[in-house]
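What follows is a single structure, written as structure tokens, with notes after it.
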Amino acid sequence: MKKVMLLIILIMMAIVFTACGGENESSSASENEVSIWVHTSDETPEGEAMQSTIDRFNEENEGTYSAKIEFIPRSGAGGGYEDKINAALTTDTLPDVITLDGPNTAAYAEAGMIAPIGDYITNKDDLLPSIIQQGTYDDQLYAVGYSESGVGIFYNKQMLEDAGIDLSTLPTVDQPWDWNQFMELSETLVNTYDTAAIDMAFDDKSEWLMYAFSPFLWSQGGNLVSEDGSTAEGHFNDENSVKAFSFIQEMVKEGYTTITPVEKGFHTGEYPMKFGGSWTIAEMEDYPDVEYGVMPYPTSPDTNELVSPSGSWQYAMASSSEKQEAAGALIDFMTSTESLTEVTLANSVLPAAHSVVEEVQDKVSPQMNVLIQQNQKSAHARPVLPNYPQVSRVFQQAVSDAAYYEENSDVQELLDDKTGQMEKALK
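All the letters of the sequence shown, read from the start, carry residue numbers -21 to -1, 1 to 406 under mature numbering (1 follows the signal peptide of the UniProt record, and there is no 0).
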């Protein structure tokens, strides 16, 4: 009888220990599984590339870390994803890793939503300077962009040749033209076709105006605000800003660009040139009869410094995550050369790292390569400010007002007024 009782006890102990062991293994697996929310659909090329990266992460880190991705597409007005992020903030249910747009870095960091991740990223030296610039706030890296963006001057080769332009003399990334040379080209095209030479998308009264036109200010050597982001006075209304906005105003005043463009005017041959990005390359696939090239941004004649716009979506770690080591490992994996190359080629976007440039340059079009080279050499991130949206709106309004030169012929007066508004936004 005693032997039977002892056997029962041993069996029960084995069951208990097995159960306890199972709980520990399950708990350990749960502790090392990180969740990530992304702003795109799993049916897009970008989403498919992200899912592929997560699958590889899980396979290569089996037994150590794992990740689960949730796709939350943004709506047309930017809702959907942002709405869920905001709701999760109020209930303290953010995932371990999120995606966020570049200009939101400072606001998210200042609010304590995201945590510094610099210690987890192993390829910081490989990342483009603009990626580090975009993700850095208060001297700490809070986010890492997985792709880049940029804008160039698209031109219709046939229309330029018919206007007597030798295409071999056009500017390159290594030898860009300055504003005066670009206006001379525009004048030739206006005289030839009796219409605007370029569509600069002045009618897009949105972040585009900040994104596309701020490089003129930076090329001139100016800036929107002081280096510490505390004031706009003496910066946004200084001599450099006046020169940059005078160039913008002159483009409109002389009729070189239109402020009321025909829809798809470049695509259909209405205008010989257009400000456009990598998305324009995708659009032009529907217009196979148009042979086009891409020129880099024109530079300030005072500095001859090429500056181009940049910025896109990033990965960041939620401050509320209790699995920061695993979350950091996931972000590091998702911003490796292999992962970045996969999303770059899938989504037809600009690379975020030097090594990725080398991987994709033989796999993309000549037009895309111009944007890639320009971005690698001259990309400049938008200001990393907690109140960036308000600052951007003031800049956008300044561009719009400068374009309507008859109402705002005095650029200095315009910028003095906008600087006052920007000061209020900063405070």
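Glycine included, C-beta positions come from ideal geometry on N, C-alpha and C. Nothing here was measured: the structure is a model prediction, and the numbers come from that model.
How should residue i be labelled, buried or exposed, when 16 other C-beta atoms within 10 angstroms of its C-beta is the threshold for buried?
i	result
PRO240	buried
THR247	exposed
residue 409	Outside the shown range of the chain, which is -21 to 406, sits residue 409, and nothing can be said about it.
LEU364	buried
GLN154	exposed
THR314	buried
PRO345	exposed
THR19	buried
LYS253	buried
May I ask you to report which of helix, strand or coil DSSP gives residue i?
i	result
GLU4	In this predicted model, GLU4 has a pLDDT of only 38, less than 50, meaning its place in the structure is not dependable enough to derive any value.
ALA94	strand
LEU364	coil
THR314	coil
GLN353	helix
ALA295	strand
ALA176	coil
SER371	helix
PHE50	strand
GLY399	helix
ASN11	coil
LEU405	helix
PRO288	strand
TYR271	strand
VAL130	strand
Which partner residues of residue i appear in the DSSP bridge assignment?
i	result
GLN119	TYR116
LEU106	ALA332
VAL390	The partner list for VAL390 (beta bridge, DSSP) is empty, contrary to what the question assumes.
ASN135	TYR271
Taking the Cβ atom as the reference point for each residue, do residue i and residue j lie within a distance shorter than 8 Å?
i	j	result
PRO330	GLU27	no
ASN21	PHE50	As written in the sequence, residue 21 is Asp, which differs from the Asn given in the question. For ASP21 and PHE50, yes; Cβs fall inside 8 Å.
residue 413	LYS302	In this structure the chain extends from -21 to 406, so residue 413 is not present and cannot be described.
PRO275	VAL322	no
LEU309	TYR44	yes
ALA404	MET92	no
ALA175	TYR235	yes
PRO24	ALA325	yes
ASP80	TRP258	no
LYS342	VAL152	no
Starting from the C-beta of residue i, find all residues in its chain whose C-beta is less than 6 Å away, skip the five residues before and the five after it, and write them out in chain order.
i	result
SER193	none
ASN102	none
ASN382	Checking the sequence shown, residue 382 turns out to be Ala, not Asn. For ALA382, where only same-chain residues beyond five positions count, the Cβ hits under 6 Å are PHE181, VAL231, ILE238.
ILE227	ALA381
GLY244	ASP178, TYR250
Below 8 Å CB to CB, which residues in the same chain sit around residue i once its five sequence neighbours on both sides are set aside?
i	result
TYR367	PRO82, ASN83, ALA85, ALA86, ARG361
ASN216	GLN391, LEU394, ASP395, LYS397, THR398
Tell me which residues share the same chain as residue i and place their Cβ nearer than 7 Å to its Cβ, disregarding the 5 neighbours each side in the sequence.
i	result
residue 417	Since the displayed the chain opens at -21 and closes at 406, residue 417 lies outside it and no answer follows.
PHE36	ALA46, LEU309, PHE312
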